[in-house]
Amino acid sequence: MSRAMSRRAIASVLGTLMVATVVSQVPASAAQSQPVPLPKPIKQATAQWTLKFSGASRTNVPFALYNQHKKAHLYYKKRPIGVDLRWSKSVKTEWKFVKCDSPKTSSPIRYDQVLALYNTSHKHYLVHQKRGLGHGINLGWSKKLHTKTCQWAVHGDKAGKPLGPSPVKNVMLFNTVERDYLVNKWRPAGVDLRWYRYGVSDQIWDLVKKGACAAAVVSDKAKGACATLKALEEFQKAMGYSHTVPKPPSTPKPTSTPKPTSTTRSPSKA
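Read left to right, the sequence shown gives residues -30 to -1, 1 to 240 (mature numbering (1 follows the signal peptide of the UniProt record, and there is no 0)).
What follows is the structure, encoded as structure tokens:
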């Protein structure tokens, strides 16, 4: 009897130790899986969007595109300058995310999944399009769906994770052509939209790339901008996002030197 009791006691102690070991390991593993937090200034500047789906957060399901900074919905409407987009306080459920390889199917949308952004009112896809100075943000429309039309991704959580139930708040709307985030910001012409990195000089990006933000020769203002962009880059890497490497700065084409014209006259014939 005493042997049986001792065996039970030993088994109980071992079981308790095993449970305690597992419990002690849970917080550690959970801590390791925690995403890298996005610094508050960057979050306020980039995570401006709320996706209000009419159903589940899936492709081919209409949603309203609400900007938390502007406190208004982005929708299609003609305008004299720039891309045909305006803001409305009322809900405008006229957007869809569409898959390029299977546009008619519906499946859960995942973070960093590259999709096309379709407007049901205009029946066109919103795409990157270069515009001249004073003509608004570099956005336009495409009627056809092809691989180049798929250029939008939702950021804000780990790549591959489903968006979750609607409304999806604090969304970072990323364009893979511009390799930047679409944000609300005033501009003198066109709809009040800009790219997040607008106005950041190539020199700042060079500092980020070289890891020289803290160099003594760098001004305090440049150090602040450099550190902010470096933090964003680290967040993107931690989340596993693709297509986020900033575009190389555009370099002007070298001007060709005209060949000198000969002024020597040919000898006249005798």
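Even for Gly, the Cβ is constructed at its ideal location relative to N, Cα and C.
* Among the residues of its own chain, which have a CB less than 8 Å from the CB of residue 79, if the five just before and after it don't count? -> Answer for residue 79: 27, 28, 29, 67, 85, 124, 132, 133, listed in chain order.
* Contact check, residue 129 vs residue 82, beta carbons under 8 Å -> Against a cut-off of 8 Å, the Cβ pair of residue 82 and residue 129 comes out as a contact.
* What residues match up with residue 246 in a beta bridge as DSSP calls it? -> Outside the displayed range of the chain (-30 to 240) lies residue 246, so it cannot be described from this structure.
* Give the DSSP-derived three-state secondary structure of residue 191 in the structure shown. => Here residue 191 sits in helix by DSSP.
* Asked: Can you tell me whether DSSP reads residue 103 as helix, strand or coil?
  -> Note: residue 103 maps to coil in three-state DSSP.
* Straight-line CA distance for residue 144 to residue 17? -> Distance between the alpha carbons of residue 144 and residue 17: 10 Å.
* Proximal residues to residue 93 (C-beta, below 8 Å), its chain only, five neighbours per side dropped -> Hits under 8 Å: 113.
* **Any non-hydrogen atom of the ligand MN closer than 7 Å to residue 22 Cβ** => With respect to the ligand MN, the structure offers nothing, as it holds no ligand at all.
* **residue 139 in three-state terms, based on DSSP** => DSSP, read as helix, strand or coil, puts residue 139 in strand.
* Same chain, Cβ closer than 8 Å to residue 162, neighbours up to 5 away in sequence not counted -> Once the five neighbours on either side are set aside, the close Cβ partners of residue 162 are 40, 57, 154, 155, 156.
* What's the C-alpha gap between residue 121 and residue 168? -> Those two C-alpha atoms are separated by around 19 Å.
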